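**Student:** For reference, the structure I am asking about is given below.
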Amino acid sequence: MSALLQKLRPQNGRTKRKRERGSALNRATPAGMLIAVGIVYGDLGTSPIYAPKALMLAQGGQMNRFQTLGSLSLVFWFMMLVVTIKYVCTAMRADNQGEGGVFALFAAVRKYWKPAGLIAMIGAAAFLADSVFTPAVSITSAVEGLASIPFIGDSGYWSQELSMMIAIAIILGLFLIQHAGTNRLGSLFGPIMTVWFTFIAVIGVMQITRDWSVLQALDPTIGLRFLLSDENKSGVAIMGSVFLALTGAEALYSDMGHVGRGNIWASWPLVNIALMCSYFGQGVWMLDGHLINAHGVAPFFQIIPEQIRPFGVVMSLMAGVIASQALISGAFTLTAAADGLGWLPRLNMRYPGVTKGQIYIPSVCATLAVLTVLVVLYFQSSAAMEAAYGLALVIAMLMDSVLLFEFLRNVRGKRASAVVMCTVFVLVELLFLSASVSKFMEGGYITVVIWGLVYGLFHICSRGSMLENSERGHVHADDLAHILAVSMAEKRRDLVADHLVYLTPDPNMRDVEKDIAVSMIHRRAHAYWVVTVVQLGRPYGQDWKVTSYGRNLHRVTINLGYKVPQFYLPQFMQAIMEDMLANGEINRINPQWPKLATRSERLGIGSVRYVLMHRVISPESALPDSDRTLLRTYQWVKRLISKPVEWFGLETNDPIIDTVSVWNGEERPMQMHRIGEVKKKP
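Laid out in structure tokens, this is it:
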């Protein structure tokens, strides 16, 4: 009866929209699945190139039957546990309005759990650190496959140095085209990756048919016995090599909002089968007793028939580039989210595509390019990079598990399942972490350094922004308009400009920041403007609204589509002033020197200057030394990265940089001792 009454009861509009959104998210289509294959599985799809080689090197370069079957069993069952059960079946149900990833979890649990911000910060920094290694490993391992082609590898010109230079050239080319976006190329990613997964599956099956006994690795006890046996030459460190097969699992969850949960659910079984065919096919090759060294050709290329090996190498290069592109795009998206949270200074962002999800951040692109090239030059081979690769991603996955626990417990109310599942996930990831940490001195410290720098930047900007904003008081706009009317009557002060435009991110239309109010009082003008630029969720469009307080104070909000350049701000303000002048909302100002007047002066607007507020720490600040140092570091980072004069196109508008102090100390009378006698006047 209660179910029937529920159906008859009118649906709440918000509930209905939520159900419709959930239904669209769960829907799978052939086109959507093709897009998912091209965007989501790049990192996982290139793992068969280097993970089996890492497993062999962990056992000394040659594996017996027990070692081979045990290694394959570990790959199969941990793929099932981490990728399928944790991310595909569990985490993807923990969405925030259809979005996935560490920031989606953070947004969902932040009001329930105070440390969520710290956990999300650690996870996001780890993901960005991993974005450096993914292009390096994926592309370098694919380029090394050229040595498997007889007329290249057997020639006297091929060397590891040449392989490294080719990889660097491809990496630089990939980063150099980021400014153009991936609209056209993105449509090819799905078909190319579909061909790739079909290819590795077919090659793998061809090998499996040679020795069906390799399927004994599906027995989970073989993997467990191998992990704990004396024949496992690397001990628990073998889990670091196993984890290389799982890199890219977090991307499934992070990209859920782009491709839809249903498309991932529908395509993952097919992709998983293709991956397992490749791993088990290489396992048959290992059972033959082949020996390999760090600079040798990976088993992946060895099992490809020589006649089609060039095609396999080309496909691996294309898959490596696509995997790298996915991580680079993910790094841009995550950086933009961190910027929005105040964890970074405001960055210059561009939108080369027609969707807001496609972002290009020049500073991030340049930083990733430099770090990736340095990683390739330092390690020189994909086998050497594998010691550092994966450590950051393990940390990111671990943070996902912690936030996932809080989501299931507080948001979904599933306390028992949260404890059971997340305990298993955390224990498994701690096992992977211990294996990765064991390789710290072999190159893992590079990952830790990059992660530490990114996390430190997040922490400094987050805390510094909070300290800087905590001292901003406000004045009601009506009161400020009255004060300005009085101060403007003072004729002894020189006129700075006819119009002074103050730029602020504060969207409050009724109040004005106290620092801006003080600056207005000290600078004489005919009219004052407080302007906020807001970025819209749609690509195009430009509109504005104004609230005037008398004829000398105007509060303006300009709404711009995310593809509309903000450096047109002077032109936007001139159009606004022309409109208000035509409607009689502002006074006409005739130019003093008509022959030398600018266009705005000839129109009767007058001269316009822009004011940007630059905040510094007061020498008398009562802040503790630690916070004082952190705030100064934050302000130095802002000066280094943030360039509002360039964002808004004010280079030729003679902007005023007004320096104001933050965290002023309490005024204390100073005791001074006068030297000499006082001569009193008669």
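Residue numbers for the sequence shown, in the numbering used here: 17 to 698.
The C-beta atom is built at its ideal place from N, Cα and C for all residues, glycine as well.
Being a predicted model, the structure only gives us computed values, none of them experimental.
Suppose contacts are defined by Cβ-Cβ distances below 9 Å. Is Ile621 in contact with Glu594 by that definition?
**Tutor:** Contact: yes.
**Student:** Taking a contact to mean a Cβ-Cβ separation below 9 Å, would you say Ala493 touches Val517 in this structure?
**Tutor:** Not a contact, by the Cβ cut-off of 9 Å.
**Student:** Look at Ile657 and Ser379 and say whether their C-beta atoms are less than 9 Å apart.
**Tutor:** Cβ distance < 9 Å, so Ile657 and Ser379 count as in contact.
**Student:** Consult DSSP for Ser564 and reduce its assignment to one of helix, strand or coil.
**Tutor:** In this structure, Ser564 counts as strand in the three-state DSSP scheme.
**Student:** For the stretch 211 to 279, list the alpha helix (DSSP H) runs that are entirely contained and at least 4 residues long, ordered along the chain.
**Tutor:** 236 to 244, 254 to 259, 265 to 270, 272 to 275, all fully within the stretch 211 to 279.
**Student:** Quick check on the DSSP output: the alpha helix (DSSP H) that includes His306 runs from which residue to which?
**Tutor:** Premise fails: His306 is in no alpha helix (DSSP H) and is neither H nor E.
**Student:** I think Val470 touches Ala267, with their Cβ atoms under 8 Å apart; what is that distance to the nearest whole Å?
**Tutor:** Not quite, the Cβ-Cβ distance comes to about 18 Å (not below 8 Å), so this is no contact.
**Student:** Specify the secondary structure class of Val678 as computed by DSSP and reduced to three states.
**Tutor:** Correct three-state label for Val678: strand.
**Student:** Look at the alpha carbon of Ile532 and the alpha carbon of Thr520, and state the distance between them as a whole number of angstroms.
**Tutor:** Taking the straight line from one Cα to the other gives about 9 Å.
**Student:** Check whether the Cβ atoms of Ala404 and Glu458 sit closer than 9 Å, and answer yes or no.
**Tutor:** Yes.
**Student:** Looking at Ser397: is its Cβ nearer than 9 Å to the Cβ of Ile155?
**Tutor:** Cβ distance not < 9 Å, so Ser397 and Ile155 don't count as in contact.
**Student:** Could you name the residues of the same chain whose beta carbon sits closer than 8 Å to that of Pro607, not counting the 5 residues immediately before and after it, in chain order?
**Tutor:** These residues qualify, in order along the chain: Ala613, Glu617, Arg618, Gly622.
**Student:** Tell me which residues share the same chain as Ser147 and place their Cβ nearer than 8 Å to its Cβ, disregarding the 5 neighbours each side in the sequence.
**Tutor:** Closer than 8 Å at the Cβ level, and outside the excluded window around Ser147, lie Leu343, Ile344, Gly346, Ala347, Leu384.
**Student:** Taking the continuous alpha helix (DSSP H) assigned at Asp111, which residues delimit it?
**Tutor:** Segment: none, Asp111 is in no alpha helix (DSSP H) and carries neither H nor E.
**Student:** Let me know the secondary structure DSSP gives Met79 once reduced to three states.
**Tutor:** DSSP places Met79 in coil when its eight states are reduced to three.
**Student:** Is Met596 helix, strand or coil by DSSP?
**Tutor:** Met596 falls in the helix class under three-state DSSP.
**Student:** Please classify Asp641 as buried or exposed, where buried requires at least 16 other C-beta atoms within 10 Å of its C-beta.
**Tutor:** Classification for Asp641: exposed.
**Student:** To the nearest angstrom, how far is the alpha carbon of Trp467 from that of Leu414?
**Tutor:** Near 14 Å, if we compare the C-alpha coordinates of Leu414 and Trp467.
**Student:** Check whether the Cβ atoms of Pro68 and Leu291 lie closer than 9 Å to each other.
**Tutor:** For Pro68 and Leu291, no; Cβs fall outside 9 Å.
**Student:** First and last residue of the alpha helix (DSSP H) that includes Arg325?
**Tutor:** Start and end: 325 to 356.
**Student:** Taking C-alpha atoms, which residue in Ala136, Pro586, Val98 lies nearest to Trp663?
**Tutor:** The option with the nearest alpha carbon to Trp663 is Pro586.
**Student:** Note down, one range per segment and in chain order, each beta strand (DSSP E) of at least 3 residues found wholly within the stretch 467 to 525.
**Tutor:** With a minimum length of 3 residues, the continuous beta strand (DSSP E) runs that stay inside the stretch 467 to 525 are 490 to 492, 511 to 519.
**Student:** In or out: Leu333 buried (at least 16 other Cβ within 10 Å) or exposed?
**Tutor:** The residue in question, Leu333, is buried, as its Cβ has 16 or more Cβ neighbours within 10 Å.
**Student:** Over the uninterrupted alpha helix (DSSP H) stretch that includes Ile633, give me the two end residues.
**Tutor:** Element bounds for Ile633: not the alpha helix (DSSP H) but the beta strand (DSSP E), 624 to 633.
**Student:** Using 10 angstroms around the beta-carbon of Asn568, count the other beta-carbons present and answer buried if the total reaches 16, otherwise exposed.
**Tutor:** Per the 10 Å Cβ criterion, buried.
**Student:** From Gly557 to Met596, what distance separates their C-alpha atoms?
**Tutor:** Cα to Cα, Gly557 sits roughly 20 Å from Met596.
**Student:** Are the beta-carbon atoms belonging to Ser294 and Ala217 less than 9 Å from one another?
**Tutor:** Yes, they are a contact pair.
**Student:** Just verifying my parser: in three-state terms, what is the DSSP assignment at Gly692?
**Tutor:** Correct three-state label for Gly692: coil.
**Student:** Could you check the C-alpha separation between Ile224 and Val104 for me, to the nearest Å?
**Tutor:** Each residue's Cα considered, the two are about 27 Å apart.
**Student:** Under a Cβ-count criterion, where at least 16 other Cβ atoms within 10 Å of its own Cβ denotes burial, should Glu422 be classed as buried or exposed?
**Tutor:** Buried, by the Cβ-count rule.
**Student:** With a CB to CB cut of under 6 Å and the five nearest residues on each side skipped, what residues in its chain are close to Gly251?
**Tutor:** Contacts found: none.
**Student:** In or out: Gln318 buried (at least 16 other Cβ within 10 Å) or exposed?
**Tutor:** Burial call: buried.
**Student:** Let me know the secondary structure DSSP gives Asp559 once reduced to three states.
**Tutor:** In the structure shown, Asp559 sits in a strand (DSSP, three-state: E or B).
**Student:** What is the DSSP secondary structure of Thr573, reduced to helix, strand or coil?
**Tutor:** Correct three-state label for Thr573: strand.
**Student:** Alpha carbon to alpha carbon, what distance is there between Val230 and Leu307?
**Tutor:** If you take the alpha carbons of Leu307 and Val230, they lie about 18 Å apart.
**Student:** Can you list, in chain order, the residues of its chain with a C-beta nearer than 8 Å to that of Ala497? Leave out the 5 residues immediately preceding and following it.
**Tutor:** Around Ala497: Tyr565, Gly566, Asn568, Leu569.
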